[in-house]
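Counting from 1, one number per residue, gives the positions in the sequence shown under UniProt numbering.
Read through the structure below, which is laid out as structure tokens, and then see the notes.
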Amino acid sequence: MSAARDAIAVTPDDAWVPTYTLRRFPRGGGEPTVTSGPLASCARTYRPRAFAGWSITTVLSLPVGEAEAVGDFGAGEAVPGGVAVVSGPGHVYASTNSVYVTTTELDRRAGDLTTDVHAFSTTGPSAVYVASTALTGRLLNEWALYERAGVLFAATTSSPRSVTASSSTLTALKVRGRALATVGTVPRIGVGEAITAVRYVGALAFVVTFREVDPLYAIDLRVPSRMVTLGALKVPGFSRYLHPLAPGLLLGLGVSVGAPGDWSRFAKASLFRVPSAATDGGAGRLAELATWTPPPIARRPAASGSAWQADDDHRAFLYLPARRLIVAPLDVYDGKGGRTEVTLLRVAPGGGAFSVASRITHRGAGSAGARITRAVAMGGRYLWTVAPGGVEVRDLDTFRVTSRAALWGL
Numbered sequence: 001m002s003a004a005r006d007a008i009a010v011t012p013d014d015a016w017v018p019t020y021t022l023r024r025f026p027r028g029g030g031e032p033t034v035t036s037g038p039l040a041s042c043a044r045t046y047r048p049r050a051f052a053g054w055s056i057t058t059v060l061s062l063p064v065g066e067a068e069a070v071g072d073f074g075a076g077e078a079v080p081g082g083v084a085v086v087s088g089p090g091h092v093y094a095s096t097n098s099v100y101v102t103t104t105e106l107d108r109r110a111g112d113l114t115t116d117v118h119a120f121s122t123t124g125p126s127a128v129y130v131a132s133t134a135l136t137g138r139l140l141n142e143w144a145l146y147e148r149a150g151v152l153f154a155a156t157t158s159s160p161r162s163v164t165a166s167s168s169t170l171t172a173l174k175v176r177g178r179a180l181a182t183v184g185t186v187p188r189i190g191v192g193e194a195i196t197a198v199r200y201v202g203a204l205a206f207v208v209t210f211r212e213v214d215p216l217y218a219i220d221l222r223v224p225s226r227m228v229t230l231g232a233l234k235v236p237g238f239s240r241y242l243h244p245l246a247p248g249l250l251l252g253l254g255v256s257v258g259a260p261g262d263w264s265r266f267a268k269a270s271l272f273r274v275p276s277a278a279t280d281g282g283a284g285r286l287a288e289l290a291t292w293t294p295p296p297i298a299r300r301p302a303a304s305g306s307a308w309q310a311d312d313d314h315r316a317f318l319y320l321p322a323r324r325l326i327v328a329p330l331d332v333y334d335g336k337g338g339r340t341e342v343t344l345l346r347v348a349p350g351g352g353a354f355s356v357a358s359r360i361t362h363r364g365a366g367s368a369g370a371r372i373t374r375a376v377a378m379g380g381r382y383l384w385t386v387a388p389g390g391v392e393v394r395d396l397d398t399f400r401v402t403s404r405a406a407l408w409g410l
């Protein structure tokens, strides 16, 4: 222990802070000029009142454009746009004027997780630290955060000592001094359950929790100090990604759950009728209009199943409103191996039904190189699907391949 203290005592101060190395290359070519220094000055490094970990998280504001615009600062100088907080990194949410960085730690005394939220203003040329707070529980992902009219909304799940004691809370926060003060809460959402999906649309929050069924909650955010639960809809399975398709129409991608004791999991898509505005009313507006699941796998081996890639990565989802077309990669397992197909679902006018427009696989389906992870529409006519082994282009009217390009050994 004494050796560790001695090592700390002789360590220079600048060794404890994040640093940068900047290489400037002359326009005419030649060797770069190299400078280095701290990412943020001591005056712009903040420590929360409550311990938030040993890491330092830095937020940088850098202009986009000519190389000279990065700034004129010499060796040893801090980046002018850098601001830091002594806290570990976590989920990041950005609005037009703010960036929020979160950190989740275990509170051993409470036997639960605590999430620290740090707010930074990005209205000027440099990011500025604004305020922090600590929330009980954990955030599912960046979709659990939302800023509206200067108020930050955060949906957290708390599980003190046991899953059966878990519940979720929607908290409204507003900057007051150096603190993000709580101005309103909706507590005890899905008691005994955990949040599996969150989506905010205008003045509404949609929250999905799950343990045995999928309650979809609609919450009115118009008055943050008096948020109101408009209704809850319970359906089998649960959603993991929510996407608004049109006013009053919400898509849920998630999991269809079998009977008790059946641990197989299959992908499910649901169309929900929801309030299109907070004034639309309550539970009577919530309904599951249509569902779709992949065709059953022969003999349903115990290890079989399917899952949407968008469950964990929203970038693996595409919706083309003009064609009412959902494009989503689907991983399918049959007990012996797996494959990826891009499922194209067309939404009926009014959202009352799904129909399968096409299923797309790449050559060598089942190999790692053919696992499609992205789909992009270009030019209004073509659909590009991307896998590690290659890119394929299809006509959006016929879904026939118009061209292919191999990336590695497809």
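Virtual Cβ for every residue (Gly too), placed ideally from N, Cα, C.
Predicted model only: the values in this text are computed from it and were never measured.
Worksheet item: What is the C-beta distance between valine 86 and proline 38, in whole angstroms, given that I count them as a contact (C-beta under 8 Å)?
Response: At roughly 14 Å, the Cβ-Cβ gap does not stay under 8 Å, so valine 86 and proline 38 are not in contact.
Discussion item. Less than 6 Å between C-beta atoms, sequence neighbours within five positions excluded: which residues of the same chain meet that for alanine 328?
Written reply: Only Trp308, Ala310, Phe317 and Thr343 meet the Cβ criterion.
Worksheet item: Roughly how many angstroms lie between the CA atoms of threonine 103 and leucine 139, to the nearest whole one?
Response: Distance between the alpha carbons of threonine 103 and leucine 139 is about 9 Å.
Practice prompt. Measure the C-alpha to C-alpha separation of glycine 237 and phenylalanine 266 and round it to an integer number of angstroms.
Written response: Approximately 9 Å, taken between the alpha carbons.
Practice prompt. Give me the Cα-Cα distance between valine 257 and tryptophan 292, rounded to the nearest whole angstrom.
Written response: Computed Cα separation, rounded: 13 Å.
Worksheet item: Which of the three DSSP states, helix, strand or coil, is assigned to valine 356?
Response: Collapsing the DSSP output to three states places valine 356 in a strand.
Worksheet entry | Rounded separation between arginine 23 and valine 151 - CA only | Cα-Cα distance, rounded: 40 Å.
Practice prompt. Taking only the alpha-carbon atoms, compute the straight-line gap between arginine 363 and glycine 248 and give it to the nearest angstrom.
Written response: So the two alpha carbons sit approximately 39 Å from each other.
Worksheet item: Is serine 270 closer than 8 Å to serine 239 when the C-beta atoms are compared?
Response: Taking 8 Å as the Cβ cut-off, serine 239 and serine 270 qualify as a contacting pair.
Worksheet item: serine 98: buried (16+ other C-beta within 10 angstroms of its C-beta) or exposed?
Response: Serine 98 comes out buried.
Worksheet entry | Burial state of glycine 254, where buried means 16 or more other Cβ atoms lie within 10 Å | Result: buried.
Worksheet item: For the alpha helix (DSSP H) that residue 453 lies in, which residues bound it at each end?
Response: Look at the range of the chain in this structure, 1 to 410, and you will see that residue 453 is not part of it.
Item to complete: Could you work out which residue in Gly390, Arg176, Phe120 and Ala205 is closest to tryptophan 143 when comparing CA atoms only?
Response: Just measuring C-alpha positions, the residue of Gly390, Arg176, Phe120 and Ala205 sitting nearest tryptophan 143 is Ala205.
Item to complete: Flag this pair as yes or no: are the beta carbons of glycine 53 and glycine 88 separated by less than 8 Å?
Response: Yes. Within cutoff.
Discussion item. Output needed for leucine 289: all residues of its chain with C-beta closer than 6 Å, excluding positions within five of it in sequence on either side, in chain order.
Written reply: Excluding sequence neighbours, leucine 289 sits near Leu271, Arg273, Gly351 and Gly352.
Worksheet item: Going by DSSP, which residues form a beta bridge with aspartate 107?
Response: Bridge partners of aspartate 107: Asp112.
Discussion item. Considering only their Cβ atoms, is the gap separating valine 175 from valine 128 smaller than 8 Å?
Written reply: It is not a contact, given that the beta carbons lie outside the stated cut-off.
Worksheet item: Between which two residues does the beta strand (DSSP E) carrying methionine 378 extend?
Response: First-last of the beta strand (DSSP E) with methionine 378: 374-378.
Fill in: Cβ distance (whole Å) where aspartate 220 is taken to contact leucine 230 below 8 Å
Rounded, the Cβ-Cβ distance is 6 Å, consistent with contact.
Practice prompt. For proline 224, count neighbouring Cβ atoms within 10 angstroms of its own Cβ and tell me buried if that reaches 16, exposed if not.
Written response: Around the C-beta of proline 224, 16 or more other C-beta atoms lie within 10 Å, and the residue is accordingly described as buried.
Practice prompt. Tell me, please, which residues DSSP counts as bridged to glutamate 31.
Written response: In DSSP, glutamate 31 forms no bridge with anything.
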